[in-house]
Each structure stands twice: as structure tokens, then as C-alpha cells.
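**Q** Take this structure first; my questions come after.
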Amino acid sequence: MSQAEIAPTAAPRGRNPLWTFGILRSELTTTLRRWRTLALLGVLAAVPVLIGIAVRIETGDGSSPGPGGGGGGPAFLSQVTNNGLFLVFAALAVTLPVFLPMAVGVVAGDSVAGEANAGTLRYLLVAPAGRTRLLLTKYASVLVFCLVATLVVALSALVVGSLLFPVGEVTTISGTRIGFGEGLLRAGLIAVVVAASLTGFAAIGLFVSTLTGSGIAAMAATVGLLITVQIVDTIPQLSGAHPYLFPHYWMSYADLLRAPVYWDEVVKNLGLQGLYAAVFGSAAWARFTTKDITA
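Residues in the sequence shown are numbered from 104 upward in steps of one, following this note's numbering.
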């Protein structure tokens with residue numbers, strides 16, 4: 104059978120919307136089954152366990168957690184002994200500045216460059232998906248990983264906190280008390296907001312991944328950019344640029360534990376992430392749709 108006779112049967116498959124979901128399902132399966140991804144999720148799940156055990160040991164004599172029993176350390180850590188649910192908030196406060204974005208940076212940086220390095224990118228483009236649809240699928244899979252990674256931290260912290268510490272009513276930052284059920288809902292909302300906070304950085308990683316054919320180089324560049332921006336965000340002399348840096352409002356999720364909820368910083372954070380996603384997502388599309396695929 105000639106190529107001309109085969110082509111008409113292949114075209115409808117490319118126009119079928121279900122084909123897009125098939126590509127996404129395949130991409131998610133491949134991403135989440137990689138040993139590297141499982142190792143990253145394992146490390147993230149271990150962080151709340153280490154925090155919970157450390158707090159349990161340190162407070163075994165009735166003292167408060169933190170240096171010298173003074174309640175220092177990450178945000179929410181001093182409340183963990185009174186309510187295990189606060190381990191969720193403390194674990195997210197510990198992992199969000201470094202561990203979570205580094206894991207996202209590895210997955211995003213490898214999304215396109217890893218395929219090129221393995222020599223499979225050309226074969227993916229042979230399928231009737233098109234470069235734009237393939238790039239959107241890659242970004243969607245990274246976003247799903249953002250949510251999965253955040254939920255792994257939150258669920259691990261919830262289990263460990265419930266086993267090691269008492270649970271019950273939650274005292275908000277405002278000093279009011281809410282029921283445990285509402286506290287769980289707040290924890291779920293915070294996990295979603297934390298995952299959404301990583302969407303801008305995920306777009307940056309995707310863009311970097313389109314610039315090189317080396318997965319390792321893309322991952323290193325993405326993580327290096329994260330560290331650089333984090334350092335810049337701590338320099339007082341550059342405070343004028345801080346509100347425009349993608350990690351600046353990451354910790355605003357703490358405002359969701361106020362009563363009533365203080366939304367201003369959260370909205371600023373989500374708006375900033377949307378802007379980064381639009382700018383660097385467009386840059387990734389412009390680069391990927393015009394570059395020569397040789398591998």
C-alpha cells in the first residue's frame with residue numbers, strides 16, 4: 104500500500120480530540136513511572152516524616168520545638184505538638200522554597216530536552232499530534248506532577264502528624280478556632296495553591312528544555328536559575344524587583360489560615376504565576392515550533 108493511500112486514514116486520528124487525551128495519558132504514565140520521578144516523590148514524602156520525628160524527639164520533655172526550646176524554626180512548627188494537622192503546613196513551608204521547586208525543575212527541564220537526548224523526539228513528532236499539541240501535553244504533565252508532588256508532601260505530613268501528635272480544632276493565625284473538618288479543607292486548599300504557585304516556574308523549565316538537546320543541562324540550568332532568583336529575592340538592595348520574581352509570594356498560602364481569609368497576597372501570587380506561565384509558555388512554543396529537530 105502506498106503512502107498516499109495511508110495518509111487519509113492517519114489524518115482523522117490527528118483531528119480526534121481523544122487522541123490528545125491519549126498522548127497526555129501516555130506522557131503522564133511515562134513521567135510518573137520513571138525511577139527518577141519516584142525517587143523525587145520518595146524524598147518529598149520523607150521530609151514530613153523527618154520533621155515529625157525530630158519534633159517528637161525534641162518535645163519529648165515537654166519543651167517547645169526549635170532552638171533552645173524557644174519555638175524557633177520554620178513557620179507553624181511550634182504548633183505541631185498541639186495539633187498534628189499543623190505538620191502539613193510546616194512541611195509545605197520547609198519544602199516549598201527548595202525541595203518542591205527543585206523536583207519540578209528536574210521534571211520540567213527534562214520534558215523536551217530529555218526526549219531529544221534519548222533520540223525519541225523525532226518519533227513523537229511523527230505521530231499526528233503536532234508540535235503545539237505535544238508541547239501543551241508536556242506542560243500539562245509537568246503541572247500534574249506539581250500537584251502530585253504537593254499532595255505527596257501534604258498527605259505524608261497528615262499521616263505522620265496524626266500518628267505522632269493529637270489532632271483536633273485548629274487555631275488560625277488570627278487566633279480564632281475552627282473545626283478539624285474545616286482545617287482539613289483549608290489544608291487541601293493550601294495544597295492546591297502551593298501547586299499552582301509552581302506553574303510559572305514549570306513554564307520556565309519547559310522553555311529552558313526547548314533550548315538544548317541535553318536533559319542534564321536543561322535540568323541544571325533550571326535548578327540553577329531557581330537558586331539565583333531565590334538569592335536575589337533575599338537581597339534588600341534589590342527590593343524593588345522582588346514583587347516581580349516568581350517565588351516572592353510563594354509563602355502567601357499562610358494567609359489561608361486567617362479568619363477571615365486574607366486573599367490579597369494569594370491573588371498576587373496566582374496572577375504572577377499566570378503571567379510567567381503565559382510569557383515563558385509562549386517563548387517555549389515559539390522556540391519549539393521553529394527549531395530543527397535532529398534527534
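We put the CB at the ideal spot given by N, CA and C, even for glycine. All values reported here derive from a predicted model rather than from experimental measurement.
Just confirm the distance between the C-beta atoms of Gly217 and Gly318, as a whole number of angstroms; I'd bet it's less than 8 Å.
**A** 4 Å
**Q** Could you tell me if Gly174 is buried or exposed, where buried requires 16 or more neighbouring beta carbons within 10 angstroms of its beta carbon?
**A** For Gly174, the predicted model reports a pLDDT of 39, less than 50, meaning its position is unreliable; a value from the coordinates is still stated below. Classification of Gly174: exposed, given that the 10 Å Cβ count is below 16.
**Q** Considering only the alpha carbon of each residue, which of Glu285, Lys371, Thr393 lies closest to Ala362?
**A** Glu285
**Q** Express the C-alpha separation of Val209 and Thr325 in angstroms, rounding to a whole number.
**A** About 8 Å.
**Q** Of the choices Thr253, Thr235, Gly308, whose alpha-carbon is the least far from that of Ala196?
**A** Thr253
**Q** Give the single residue among Ser214, Val152, Ala243, Ile160 whose Cα lies nearest to the Cα of Gly125.
**A** Ala243
**Q** Is the beta carbon of Leu360 closer than 7 Å to that of Leu292?
**A** no
**Q** State the beta-bridge partners of Ile281 as determined by DSSP.
**A** Val273
**Q** So, helix, strand or coil for Leu314, using DSSP?
**A** coil
**Q** With three or more C-beta pairs closer than 8 Å as the rule, is the region 266–280 touching the region 328–342?
**A** No: the two stretches stay apart, fewer than three of their Cβ pairs being nearer than 8 Å.
**Q** Rounded to whole angstroms, how far is the Cβ of Ala206 from the Cβ of Leu147, which I believe are closer than 8 Å?
**A** 6 Å
**Q** For Gly171 and Leu180, what's the separation of their Cα atoms in angstroms?
**A** With a pLDDT of only 41 at Gly171, under the threshold of 50, the placement of this residue in the model should not be trusted, and no figure is reported.
**Q** Less than 7 Å between the C-beta atoms of Val255 and Thr198, yes or no?
**A** no
**Q** Select from Val296, Glu130, Leu237 the residue whose C-alpha is nearest the C-alpha of Leu250.
**A** It is Val296 whose Cα lies nearest to the Cα of Leu250.
**Q** If you count every other CB in all the chains shown that lies within 10 Å of the CB of Ser342, and 16 or more means buried, which is it?
**A** exposed
**Q** Pop quiz: Leu203 and Ala290 are said to be a contact at Cβ under 8 Å. What is the actual Cβ separation, rounded to whole angstroms?
**A** That belief does not hold up - the Cβ atoms of Leu203 and Ala290 are roughly 16 Å apart, past 8 Å.
**Q** Looking at the structure shown, is Thr402 part of a helix, part of a strand, or coil, going by DSSP?
**A** Since the first residue of the chain shown is 104 and the last is 398, residue 402 is not available in this structure.
**Q** To the nearest angstrom, how far is it from the Cα of Thr275 to the Cα of Gly282?
**A** 10 Å
**Q** Am I right that Ile154 and Ala194 are in contact with their C-beta atoms under 8 Å? What's the rounded C-beta distance?
**A** 6 Å
**Q** Note down the Cα distance separating Ala142 from Met322, rounded to an integer number of angstroms.
**A** Cα atoms of Ala142 and Met322: separation of roughly 16 Å, rounded to the nearest angstrom.
**Q** Check Gly217 in the structure and name its three-state DSSP category.
**A** helix
**Q** Hey, could you find the ends of the alpha helix (DSSP H) Leu360 is sitting in?
**A** That residue, Leu360, is in no alpha helix (DSSP H); it is neither H nor E in DSSP.
**Q** On the CB-based measure, 16 or more other CB atoms within 10 Å of its CB, does Trp138 come out buried or exposed?
**A** exposed
**Q** Identify the continuous alpha helix (DSSP H) that holds Gly233 and give its terminal residues.
**A** No alpha helix (DSSP H) contains Gly233, which DSSP labels as neither H nor E.
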